[in-house]
Each structure stands twice: as structure tokens, then as C-alpha cells.
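Asks:
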Amino acid sequence: MVSQPTKIIILAWQLFVNSFFRKIYKYFEKAINARNLGDEMPI
Numbered sequence: 001m002v003s004q005p006t007k008i009i010i011l012a013w014q015l016f017v018n019s020f021f022r023k024i025y026k027y028f029e030k031a032i033n034a035r036n037l038g039d040e041m042p043i
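The letter at position 35 of the sequence shown is residue 35 when you use full-length UniProt numbering, and the numbering goes up by one with no holes.
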């Protein structure tokens, strides 16, 4: 079994990783949209 403090650390790490990858995903999404739209600026 996983101890309680370890569970909290794992949850915090997952939240950090999720937010981090979401930012990267949004950045790449904007870059791809900007390239596909040509001269229009990314939102």
C-alpha cells in the first residue's frame, strides 16, 4: 500500500505535470494554427 504523504506527493506531481503539458499543448496548437492560417495571428 502507498502511504498517505506519498499519495499527496503523487497527486501534486500529477497536477503539475498536467498543467505543464497543457501549456505546451496550447503553445503548439497556436503555432500550428498560425502556420495553417498563413498570415493570421494566433489567438
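Glycine included, every Cβ here is placed at the ideal spot set by N, Cα and C.
Rounded to whole angstroms, what's the CA-CA distance from residue 128 to Ile10? Just pull it up for me.
Replies: The question about residue 128 has no answer here: the residues shown for the chain are numbered 1 through 43.
Asks: For Val17, name the three-state secondary structure that DSSP assigns.
Replies: As a first step, residue 17 is located in the sequence shown; it is residue number 17 there, counting from the start. Helix at Val17.
Asks: Would you report the Cα separation of Ser19 and Asn36, rounded to the nearest angstrom?
Replies: As a working note, residue 19 is residue 19 in the sequence shown. As a working note, residue 36 is residue 36 in the sequence shown. Taking the straight line from one Cα to the other gives about 26 Å.
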